């Protein structure tokens, strides 16, 4: 079975300055079990939180309601930070945006998935959420993500598009998360050749681990259906 392709954020985080470093990072990633929960609830609700007229308390409650019980406090926190970022921008009508794929070669592609877009100052603005507090790309890595988004979306009639990449990680040496919004002006797209060299290191590392016969470790089990406590029938205390 082919090795799984990690999400864009992890591909960027794992790719080092050379193939050997990238392979070592990717090997460690594959052999770890990974977390038992994800930020899917807050990612799924980011559009509603950013666009809707709701209180911060409601945004926190909505994002912290579903998903694995261990992840609910973290998703709730992210929901509040998305709300904070929305207050700084004002309210916009937000629109769904289909994912696209960055093809590294004919049999390998990475999904690039901004959550939604809105129009600000006559320009489409692509929203991308980085919800993790740690294990995140550096600012140079965020520039790679921005470059991938730009190459797939800021084209043709959207050539003037901008981006709101919302990084909610903890700055180095800090105990609390910070809301860090980035635009294409903050993270200017890399030259095509430089972007290709970056992802080629991951491709070469992928092929190296495939030739070694590395297999992905079993994932931590997740409940098949865990969507939060019922709104009208909460469990007894």
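Numbering (the UniProt record's numbering), first residue to last: 1 to 237.
Glycine included, each C-beta is placed from N, C-alpha and C at the ideal position.
These numbers come from a predicted model, not from an experiment.
Are residue 82 and residue 125 close, meaning C-beta to C-beta below 9 Å?
The sequence position of residue 82 within the chain shown is 82, counting from 1. The sequence position of residue 125 within the chain shown is 125, counting from 1. The answer is no: Cβ separation not under 9 Å.
Expressed to the nearest angstrom, what Euclidean distance is found between the alpha-carbon atoms of residue 90 and residue 52?
Locating residue 90 in the chain shown gives position 90, counting from the first residue. Locating residue 52 in the chain shown gives position 52, counting from the first residue. Spanning the two alpha carbons is a distance of roughly 11 Å.
Identify every residue that forms a DSSP beta bridge with residue 128.
On the chain shown, position 128 is the one that residue 128 refers to. Its beta-bridge partners are 165.
Decide yes or no for the touch test of the segment 5 to 25 against the segment 195 to 209: beta carbon pairs closer than 8 Å, at least 3 of them.
yes
For a test of the three-state rule: what should DSSP assign to residue 92, helix, strand or coil?
Position 92 of the chain shown, counted from the first residue, corresponds to residue 92. Coil.
Would residue 93 and residue 127 be called neighbours here (beta carbons separated by less than 9 Å)?
Within the chain shown, residue 93 is the residue found at index 93, counting from 1. Within the chain shown, residue 127 is the residue found at index 127, counting from 1. No, they are not a contact pair.
Out of 171, 80 and 190, which has the shortest C-alpha to C-alpha gap to residue 241?
In this structure the chain extends from 1 to 237, so residue 241 is not present and cannot be described.
If we count the other Cβ atoms within 10 Å of its Cβ and call it buried at 16 or more, is residue 95 buried or exposed?
Stepping through the chain shown from its first residue, residue 95 is reached at position 95. With fewer than 16 other Cβ atoms within 10 Å, it is exposed.
Contact defined as beta carbons within less than 8 Å: I believe residue 199 pairs with residue 129. What is the distance between those atoms, to the nearest angstrom?
The residue given as residue 199 occupies position 199 in the chain shown. The residue given as residue 129 occupies position 129 in the chain shown. Not a contact, Cβ separation roughly 22 Å.
If we ignore side chains and look at the alpha-carbon of each, how far apart do residue 160 and residue 184 end up?
Counting from 1 along the chain shown, the entry for residue 160 is found at position 160. Counting from 1 along the chain shown, the entry for residue 184 is found at position 184. In a straight line, the C-alpha of residue 160 is about 10 Å away from that of residue 184.
What's the call for residue 173, buried or exposed, on a 16-neighbour Cβ count within 10 Å?
Working through the chain shown from its first residue, we reach residue 173 at position 173. By the neighbour-count rule (16 or more Cβ atoms within 10 Å), residue 173 is not buried but exposed.
Is the separation between the beta-carbon of residue 133 and that of residue 177 shorter than 9 Å?
The residue you call residue 133 lines up with position 133 of the chain shown. The residue you call residue 177 lines up with position 177 of the chain shown. Their beta carbons are under 9 Å apart, which means residue 133 touches residue 177 by this criterion.
Report the three-state DSSP secondary structure of residue 103 (helix, strand or coil).
What you label residue 103 is simply residue 103 of the chain shown in a count that begins at 1. Correct three-state label for residue 103: strand.
State the start and end residues of the unbroken beta strand (DSSP E) segment that holds residue 120.
Taking the first residue of the chain shown as 1, we reach residue 120 at position 120. For residue 120, the enclosing beta strand (DSSP E) has its first and last residue at 116 to 120.
When you compare only the Cα positions, how much space is there between residue 156 and residue 122?
The sequence position of residue 156 within the chain shown is 156, counting from 1. The sequence position of residue 122 within the chain shown is 122, counting from 1. So the two alpha carbons sit approximately 16 Å from each other.
Mark residue 55 as exposed unless 16 or more other C-beta atoms lie within 10 angstroms of its C-beta, in which case mark it buried.
Taking the chain shown and counting its residues from 1, the one referred to as residue 55 is at position 55. Exposed, since its Cβ has fewer than 16 Cβ neighbours within 10 Å.
I'd like to confirm the pairing. Which residues does DSSP put opposite residue 110 in its beta bridges?
Within the chain shown, numbered from 1, the residue matching residue 110 stands at position 110. Beta-bridge analysis with DSSP links residue 110 to 102.
Hey, which unbroken runs of the alpha helix (DSSP H) at 4 residues or more fall wholly within the segment 22 to 99?
Within the segment 22 to 99, the complete alpha helix (DSSP H) runs of at least 4 residues are 40 to 51, 56 to 63 and 72 to 89.
Taking all protein chains shown into account, do 16 or more other C-beta atoms lie within 10 angstroms of the C-beta of residue 71, making it buried, or fewer, making it exposed?
Taking the first residue of the chain shown as position 1, residue 71 is located at position 71. Buried: at least 16 other Cβ atoms inside 10 Å.
Using a Cβ-Cβ cutoff of less than 7 Å, which residues in the same chain neighbour residue 180 once the five nearest sequence positions on both sides are dropped?
One-based indexing of the chain shown puts residue 180 at position 180. Here the set comprises 167.
Could you check which residue in 193, 214, 131 and 7 has the C-alpha nearest to that of residue 44?
Locating residue 44 in the chain shown gives position 44, where the first residue counts as 1. Measuring from the Cα of residue 44, the nearest candidate turns out to be 131.
Helix, strand or coil for residue 180? Go by DSSP, reduced to three states.
As a working mapping, residue 180 is identified with position 180 in the chain shown. In this structure, residue 180 counts as strand in the three-state DSSP scheme.
May I ask you to list the residues that DSSP assigns as paired with residue 123?
By one-based count along the chain shown, residue 123 stands at place 123. Residue 123 is bridged by DSSP to 120.
Under the assumption that residue 189 contacts residue 147 (Cβ atoms under 8 Å), give the Cβ distance between them as a whole number of angstroms.
For the purposes of this step, residue 189 is taken as residue 189 along the chain shown, with counting starting at 1. For the purposes of this step, residue 147 is taken as residue 147 along the chain shown, with counting starting at 1. The Cβ separation is near 4 Å, so the contact holds.
How should residue 191 be labelled, buried or exposed, when 16 other C-beta atoms within 10 angstroms of its C-beta is the threshold for buried?
Residue 191 sits at position 191 when you count from the first residue of the chain shown. Here residue 191 is exposed, its C-beta having fewer than 16 other C-beta atoms within 10 Å.
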